[in-house]
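Take a look at the structure set out below.
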Amino acid sequence: MSIRRTLFAALWIPLVSCTGDIGTPARGIGGGGQPGGPALTCDGGPVATNAPLQRLAVDDFERTLRGLFGDAAMGAVASAFERLPADSTDEEGFFARQDQRLSQGRVDLHYEIADALARATAGDGALRARVGDASPGAVAAGCLGSFAERVQPRAQRRRVSADEVRDAVALAEELGGGEDGIHAIVFTTLMSPEVLYRFEVGGEDLGDGRLALAPEEVATRLAFTFWGEGPDAALLDAALAGDLDDERGYAAMVDVVLDDPRTEAQLERFFAEWMHLEDRELEASPRLMTLAPDLETGGLLDAMRDETLALFMETFHQGGTWSDVLTSRASYATDPRLAAIYGVAPWDGESEAPELPAGERSGLLTRAALLASSDGSTNPFRRGAFLRRLLFCDDVPAPPGDLPGDALTPPPVAADASTREQFAAKVVSEPCASCHASFTPLGWAMEAYDGLGRFRTQERLVTDVGEDLGTVPVDATATVDFAGADVPVSGPVELSEELAASGLGDACLSRQMFRFTFRREETRGEACLVDHFAGDLFAGRSLRDWLAEIALSPTFRERLLPVD
Amino acid sequence: MRYDPLGRRLFLTGLGGAAVAIPFLPSLLPRELQAKAEAQGATAPRRFLAIKTYNGAPILHWMPSRAPTGYGTHDVDGSVRLNTQLSVATGRHANGEAYFGHEAPLSDFAATGVSNVFGDEFTPFLDRMTLFRGLDFMPNLNHNHGGFLGNLGFRTFGVGGPLPGAQINVTIDQVMARSAAVYPTAPLGPRVLHVGSRTDTCSFEPRDPSNLLATGEGAVQRATAFTNPRTAFDAVFRAFVPDDDPGGPEVPLSARLMDRVLDDYRRAQRNPRLSRDDRQTLEPHVGYLADLARRLGGSDAPAPSSCDVSSPPASTDSGGEFDVGVSTIETFMRDMVDVLVLAFACDATRVATFDVQKMIARDAGDIFGIGDSENPFSAGRSNWHLQAHNWDANAIRWLSLGYEWIAEVVVARLLRRMDEVMEGSGRTLLDNSLVLWGNELSFNHLNYNMPTVLFGTGGGVVRAGRYLDYVDHDRPIRFRQHDGNVVEGVQYNRLLVSLLQAMGLRADEYETSPGAGFGEARAVDKGDGFARDYDASNVDQALPDLLV
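Which chain is which? The protein sequence lines are A and B, in order.
Positions in the first sequence are counted from 1; adding 112 to them yields the numbering used here.
Positions in the second sequence are counted from 1; adding 152 to them yields the numbering used here.
If you want it as structure tokens, here you go:
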């Protein structure tokens with residue numbers, strides 16, 4: 113165990129539940145040492161979470177309806193989904209799915225979607241059979257009751273009482289029965305609050321401020337957490353049949369859920385958004401043309417994105433840990449251009465992945481997708497802030513608004529001065545210096561790679577108009593703040609090792625997964641829970657087992673009762 | 153009687169999917185609409201459109217700086233000095249002295265051109281243009297989303313988010329949209345049409361529509377914009393598509409179904425295991441559903457039969473920030489303008505916002521930059537925000553060129569289109585509208601002397617055709633920052649009040665308390681170095697001498 117590992121182990125509060133103010137959004141890592149509130153004491157077992165009512169994220173809503181109605185029927189609502197405002201958040205470091213905004217236009221479009229799907233179902237026997245689990249002729253025979261009995265629980269993800277079914281059928285018959293009746297049932301079901309929102313109100317009161325989730329609510333949590341959509345018929349039926357009530361049955365279902373391809377898709381969404389692996393293109397800028405005159409850049413960033421996603425997913429499938437992701441030397445570059453950037457042979461996608469050159473590159477931080485810039489430049493400030501925010505989960509304040517006029521202008525490329533020297537000169541005085549000290553050293557370490565992500569010991573100085581001013585040596589050494597401890601690193605490889613050893617990366621993954629899963633910031637009390645699961649990662653739990661551990665935790669099947 | 157479950161009058165699918173390639177506006181509007189407009193006569197409704205741009209404007213290029221014959225210039229910055237004092241005082245300073253703004257007819261500038269930004273293309277509209285100088289945000293906001301339309305308590309998250317001690321409230325477009333003065337009956341389109349080159353808008357809507365004037369961070373949320381002209385068009389005009397399956401007589405459709413849906417929501421709200429916050433989460437949803445139900449079941453006037461919406465614009469995705477070309481951006485802006493004009497002309501909506509977050513800078517015909525307003529990851533000269541920080545000669549030149557592009561491609565084109573639509577009594581759609589173009593900032597991240605211009609007369613309630621300078625040039629300049637002077641003008645809140653009144657709203661419809669005016673009017677987060685000696689007693693009044 114390194115010094116830093118010991119340091120983190122001392123800071124980390126194992127297996128915890130919390131006392132104190134548990135409703136305040138947490139800032140900073142760890143439940144015990146956060147600014148902005150009284151000290152938090154975590155003791156005992158993991159704490160239950162709050163469960164504020166949330167509307168479904170747009171993408172989750174779309175996938176849920178697709179699961180219910182199938183791909184063909186979703187064509188009828190494609191236009192409406194295009195017009196539905198995409199979830200987004202103003203704050204960097206947050207997930208778009210944390211957006212909870214509602215508007216008249218959004219509600220109007222929900223109406224349009226519900227109506228279109230209801231019409232499609234009413235007019236299509238095969239779709240009626242799919243949605244209502246009924247034969248095409250059943251409706252004509254007047255079986256609205258059995259149709260409603262099937263549709264309502266499935267779409268609303270809950271038990272529906274006989275009275276509710278009776279009411280639905282009565283309305284359907286009043287409106288003419290037949291296809292119009294089917295329309296009425298499907299429409300009112302899809303417009304119900306239980307479809308668009310996730311209610312967790314049906315379970316047993318455990319008597320100490322906690323509420324056990326009802327089995328179908330547990331199934332719903334499993335599905336939205338790991339699949340990003342509502343439970344399918346098999347999962348919901350299992351829950352309603354009581355198959356999740358005992359630990360063995362529940363554990364078996366957790367395995368089924370985690371082994372489902374939808375889990376992989378959801379993890380890719382999580383990781384891609386966390387790492388900002390958006391679709392974009394490299395510009396054919398004069399600088400890039402000089403740095404790599406023969407490089408065909410079209411699709412190269414996609415290849416970088418895919419390779420970084422593969423690092424995460426292959427590690428997951430191979431039973432690896434987050435620490436492995438941070439330090440792995442496996443190259444998953446299938447694109448020859450990216451493989452050349454890495455200095456390895458392309459991976460064939462099946463056999464053992466080639467190994468990255470020792471000392472040059474290891475782990476997530478050193479992947480080209482996180483290093484390449486659109487015009488081939490490097491910006492240590494930006495790189496450092498990116499890593500500090502996303503991999504350490506620390507706040508990086510925005511520049512103050514009253515800076516001098518040219519404060520945010522990148523320094524010019526100059527002969528005989530490295531990028532590092534030029535950038536360092538901009539922040540030697542206050543108030544810049546102290547703020548930049550928290551994140552810029554991370555960018556210094558990343559100067560070992562150029563704007564395409566190529567390893568270098570000499571920096572080639574190229575201006576934005578493509579003028580080549582010669583080379584200077586690269587200095588990638590840095591002293592990096594690890595939770596208050598200054599740690600010298602010789603470069604990015606050592607930085608990755610230190611991050612993995614410190615446990616701070618584990619804590620950050622745990623926090624990001626919480627936010628992605630629960631679609632909100634953790635409260636101070638829930639920071640204990642985040643720490644708890646970070647501890648599991650730190651203890652060497654594989655990513656796959658870690659996700660199972662989260663699902664199997666009693667915490668996952670409980671919530672706090674509201675106190676008002 | 154045949155049951156129509158959907159209400160085809162309002163919601164039809166498959167809007168004009170085959171008409172994408174047809175040129176958009178020119179074939180659509182005026183002739184038929186003129187007849188309709190003539191029939192409306194003097195009762196033509198007032199419309200309000202707010203166009204927001206970002207990162208401040210180079211104000212010496214925005215304001216007149218070429219003095220026509222008979223005018224002098226201010227020594228401090230070379231801007232044109234106006235000769236005629238307004239008859240109504242702006243207010244009194246703390247020492248009791250009254251101070252006044254000044255005015256000049258914009259026609260006086262016709263020969264020299266109003267400014268670099270407002271070039272020759274604005275000459276036909278000078279009689280319906282009101283250019284302001286000296287409108288000041290009271291709180292020290294820096295970057296902000298909603299100050300332009302009256303939420304003066306919220307900075308962007310990048311510079312701090314909620315401003316401690318400042319009131320956070322909805323924006324005026326939302327207030328207008330919920331007033332019977334603007335909408336005596338529910339509109340066929342959205343109450344507020346939000347379009348933009350990004351989804352983020354300058355508009356803050358109430359989380360609880362039944363509590364419009366609630367204040368605080370939890371009371372409002374940012375509205376989102378349509379970022380594709382085609383989707384905006386579909387959203388506005390889906391009510392206008394003729395019924396291709398008339399069937400039998402319509403039953404006020406879905407009233408029963410919506411009743412059931414509303415009942416379901418109210419039942420859910422009563423669940424004792426929901427928290428107060430949960431119930432509040434559902435409350436706006438209930439409000440929106442109720443509004444929708446009213447529109448579905450109401451007997452609003454049918455869609456204007458003369459409004460030809462058979463040729464929708466092409467689909468243009470404004471996303472992707474930097475990976476769209478110049479022609480795509482220009483097409484996008486043109487089509488959004490056309491959607492806005494058509495929405496107003498067809499009276500589908502009467503309130504709209506347009507967030508313009510991209511600009512193109514041309515130099516002697518060559519394009520040398522596409523700016524995006526807020527993306528911190530862009531590099532070099534193509535970052536609008538970065539140039540606003542630089543504020544050196546090159547940056548000012550670049551920003552001026554960008555604003556000239558917006559003025560020409562977006563604003564002037566919009567005005568021409570609006571002026572083509574006759575609405576009776578010799579008035580055009582532009583005459584009957586208020587088109588406000590403004591900003592979040594003025595010169596380099598300060599909120600003094602907000603670049604603001606108003607077009608139209610709101611049906612004759614605005615005394616247009618003037619350059620109004622509310623800066624008290626007799627006051628000491630507190631400090632200068634680049635090409636701007638920090639010195640008292642008039643509270644921006646009074647412009648907001650003016651606009652609300654011009655749209656016909658009563659004070660009790662927009663004031664949180666009698667005499668409060670609209671929005672945060674205290675000098676929050678302004679220390680001694682700032683100009684802050686304003687007359688708070690008249691902050692609930694319209695701008696001096698602006699309205700008839």
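From the three backbone atoms N, C-alpha and C, an ideal C-beta is built for every residue, glycine too.
Task: Whole-angstrom distance between F383 (chain A) and E473 (chain B), CA atom to CA atom - done: Within the second sequence, the letter at position 321 stands for residue 473 (chain B). Within the first sequence, the letter at position 271 stands for residue 383 (chain A). With a pLDDT of 48 at E473 (chain B), under the threshold of 50, the predicted position of this residue should be treated as unreliable, though the coordinate-derived value follows. Whole-angstrom Cα-Cα distance: 22 Å.
Task: When B:N380, B:D288 and B:Q693 are compared against E482 (chain B), the one with the closest alpha-carbon - done: In the second sequence, the residue the question calls residue 482 (chain B) occupies position 330. Closest option to E482 (chain B), Cα to Cα, is B:N380.
Open item on the list: If I follow the unbroken alpha helix (DSSP H) through V456 (chain A), where does it start and stop?
Closed with: In the first sequence, the residue the question calls residue 456 (chain A) occupies position 344. Segment: none, V456 (chain A) is in no alpha helix (DSSP H) and carries neither H nor E.
Open item on the list: Here's a check: name, in chain order, each residue in its chain whose Cβ is nearer than 6 Å to the Cβ of V272 (chain A), leaving out the five neighbours to either side.
Closed with: As a first step, residue 272 (chain A) must be located in the first sequence, where it is residue number 160. Only Q264 and P265 meet the Cβ criterion.
Task: Pair within 8 Å by beta-carbon distance, P291 (chain B) and V642 (chain B) - done: To locate residue 291 (chain B), count along the second sequence from 1; it is residue 139. To locate residue 642 (chain B), count along the second sequence from 1; it is residue 490. Not a contact, by the Cβ cut-off of 8 Å.
Open item on the list: For a minimum of 4 consecutive residues, which ranges assigned as the alpha helix (DSSP H) are wholly contained in the segment 590-636 of chain A?
Closed with: 604-614 and 616-630
Task: Within-8 Å CB hit, V313 (chain A) to chain B - done: Walking along the first sequence from the start, residue 313 (chain A) turns up at place 201. With 8 Å as the cut-off, V313 (chain A) counts as an interface residue toward chain B.
Open item on the list: Taking the alpha helix (DSSP H) that G667 (chain B) belongs to, which residues open and close that run?
Closed with: Here residue 667 (chain B) refers to the residue found at position 515 of the second sequence. Run containing G667 (chain B): none; DSSP gives neither H nor E here.
TODO: Starting from the C-beta of G578 (chain A), find all residues in its chain whose C-beta is less than 7 Å away, skip the five residues before and the five after it, and write them out in chain order.
DONE: Taking the first residue of the first sequence as 1, we reach residue 578 (chain A) at position 466. Contacts found: P398, R399, M401 and T402.
Open item on the list: Residues of chain A with CB closer than 9 Å to the CB of Q373 (chain B), please, in chain order.
Closed with: Counted from its first residue, the second sequence places residue 373 (chain B) at position 221. Near Q373 (chain B) (Cβ distances below 9 Å), the residues of chain A are Q212, R213, L214 and S215.
Task: 8 Å Cβ cutoff, L666 (chain A) in contact with chain B - done: Sequence index remark: in the first sequence, residue 666 (chain A) carries index 554 (1-based). Residue 666 (chain A) is actually Pro in this sequence, not Leu. Cβ-Cβ to chain B under 8 Å: no for P666 (chain A).
TODO: Output, in chain order, the set of chain B residues within a Cβ distance shorter than 7 Å of T521 (chain A).
DONE: Within the first sequence, residue 521 (chain A) is the residue found at index 409, counting from 1. Per Cβ cutoff of 7 Å: L538 and N542.
Open item on the list: So for S772 (chain B), helix, strand or coil by DSSP?
Closed with: Coverage of chain B is limited to positions 153 through 700, which leaves residue 772 (chain B) absent and any answer about it impossible.
Open item on the list: Given a cut-off of 8 Å on the beta-carbon distance, is the pair L407 (chain A) and L673 (chain A) in contact?
Closed with: Locating residue 407 (chain A) in the first sequence gives position 295, where the first residue counts as 1. Locating residue 673 (chain A) in the first sequence gives position 561, where the first residue counts as 1. Contact flag unset, no.
Task: Short CB-CB distance (under 8 Å) between H437 (chain B) and chain A - done: Start at 1 with the first residue of the second sequence, and residue 437 (chain B) comes out as number 285. Interface residue, yes.
Open item on the list: Could you check whether the Cβ of V478 (chain B) sits closer than 8 Å to any Cβ belonging to chain A?
Closed with: Mapped onto the second sequence, residue 478 (chain B) falls at position 326. By this cut-off, V478 (chain B) is not an interface position.
Open item on the list: Measuring only the C-alpha atoms, how far is N321 (chain B) from S200 (chain A)?
Closed with: Stepping through the second sequence from its first residue, residue 321 (chain B) is reached at position 169. Stepping through the first sequence from its first residue, residue 200 (chain A) is reached at position 88. Going by the C-alpha atoms only, they are around 21 Å apart.
Open item on the list: So for G554 (chain B), helix, strand or coil by DSSP?
Closed with: The residue you call residue 554 (chain B) lines up with position 402 of the second sequence. G554 (chain B): helix per DSSP, three-state reduction.
TODO: Using a Cβ-Cβ cut-off of 8 Å, state whether P296 (chain B) counts as contacting chain A.
DONE: Residue numbering aside, residue 296 (chain B) sits at position 144 when the second sequence is read from its first letter. With the sequence shown as reference, residue 296 (chain B) is identified as Asn, and Pro is not the correct amino acid for it. No - not a single Cβ of chain A is within 8 Å of the one on N296 (chain B).
Open item on the list: Give me the chain B residues within the contact set of M303 (chain A), using Cβ-Cβ distance strictly less than 7 Å, ordered along the chain.
Closed with: Numbered from 1 along the first sequence, position 191 holds the residue referred to as residue 303 (chain A). Simply V413.
Task: Residue environment, Q570 (chain A), which counts as buried when at least 16 other CB atoms sit within 10 Å - done: Translated into positions along the first sequence, residue 570 (chain A) becomes position 458. Answer is exposed; the Cβ neighbour count stays below 16.
- [ ] Tell me whether S355 (chain B) is buried or exposed, calling it buried when 16 or more other Cβ atoms sit within 10 Å of its Cβ.
- [x] Stepping through the second sequence from its first residue, residue 355 (chain B) is reached at position 203. Buried, because 16 or more other Cβ atoms sit within 10 Å of the Cβ of S355 (chain B).
Task: Identity of the residue in A:S608, A:A480, A:G431 and A:E462 nearest Y454 (chain A) by Cα - done: What you label residue 454 (chain A) is simply residue 342 of the first sequence in a count that begins at 1. Of the listed residues, the one whose Cα sits closest to Y454 (chain A) is A:A480.
- [ ] Would you mind telling me which residues of chain B sit closer than 8 Å to A198 (chain A), beta carbon to beta carbon, in chain order?
- [x] Looking up residue 198 (chain A) in the first sequence gives position 86. What A198 (chain A) touches in chain B: T351.
Task: For D687 (chain B) and R244 (chain B), believed in contact at Cβ under 8 Å, the rounded distance - done: Position 92 of the second sequence holds residue 244 (chain B). Position 535 of the second sequence holds residue 687 (chain B). At roughly 5 Å, the Cβ-Cβ gap stays under 8 Å, so R244 (chain B) and D687 (chain B) are in contact.
Task: A364 (chain A) and A351 (chain A) closer than 8 Å at C-beta - done: In the first sequence, residue 364 (chain A) corresponds to position 252, counting from 1. In the first sequence, residue 351 (chain A) corresponds to position 239, counting from 1. No, the Cβ-Cβ distance between A364 (chain A) and A351 (chain A) is not below 8 Å.
TODO: Compare the C-beta of E542 (chain A) against all C-beta atoms of chain B and say whether one is closer than 8 Å.
DONE: On the first sequence, residue 542 (chain A) is found 430 positions in, with the first residue counted as 1. No, because no Cβ of chain B sits closer than 8 Å to the Cβ of E542 (chain A).
Open item on the list: Going by beta-carbon coordinates alone, are A445 (chain A) and W434 (chain A) separated by less than 8 Å?
Closed with: Start at 1 with the first residue of the first sequence, and residue 445 (chain A) comes out as number 333. Start at 1 with the first residue of the first sequence, and residue 434 (chain A) comes out as number 322. Contact: no.
Task: Bounding residues of the alpha helix (DSSP H) (the contiguous stretch that carries I481 (chain B)) - done: For this step, residue 481 (chain B) is matched to residue 329 along the second sequence. From DSSP, the alpha helix (DSSP H) with I481 (chain B) extends over V478 to A497.
Task: Span separating the alpha-carbon of N294 (chain B) from that of F424 (chain A) - done: Walking along the second sequence from the start, residue 294 (chain B) turns up at place 142. Walking along the first sequence from the start, residue 424 (chain A) turns up at place 312. Going from the Cα of N294 (chain B) to the Cα of F424 (chain A) covers about 40 Å.
- [ ] State the start and end residues of the unbroken beta strand (DSSP E) segment that holds L373 (chain B).
- [x] The sequence position of residue 373 (chain B) within the second sequence is 221, counting from 1. Reading the sequence as shown, one finds Gln at residue 373 (chain B) and not Leu. It spans V372 to T376 - the beta strand (DSSP E) in which Q373 (chain B) sits, taken as one unbroken run.
TODO: Taking only the alpha-carbon atoms, compute the straight-line gap between T580 (chain B) and T367 (chain B) and give it to the nearest angstrom.
DONE: In the second sequence, the residue the question calls residue 580 (chain B) occupies position 428. In the second sequence, the residue the question calls residue 367 (chain B) occupies position 215. Those two C-alpha atoms are separated by around 37 Å.
- [ ] Please list, in chain order, all residues of the same chain as S304 (chain A) whose beta carbon is under 7 Å from its beta carbon, the five residues on each side excluded.
- [x] Along the first sequence, one-based indexing puts residue 304 (chain A) at 192. Correct list, in chain order: Q268.
Task: Nearest to L581 (chain A) (by Cα), restricted to the options A:D587, A:T589, A:R572 and A:G342 - done: Taking the first residue of the first sequence as position 1, residue 581 (chain A) is located at position 469. Minimum Cα distance to L581 (chain A) is reached at A:R572.
Open item on the list: Just checking: is the beta-carbon of V219 (chain A) within a distance shorter than 8 Å of some beta-carbon in chain B?
Closed with: Within the first sequence, residue 219 (chain A) is the residue found at index 107, counting from 1. Yes, because at least one Cβ of chain B sits closer than 8 Å to the Cβ of V219 (chain A).
Task: Partners in chain A for G310 (chain B), counting only beta-carbon separations shorter than 8 Å - done: The sequence position of residue 310 (chain B) within the second sequence is 158, counting from 1. Ordered by position in chain A, the residues that pass the 8 Å Cβ test against G310 (chain B) are A510.
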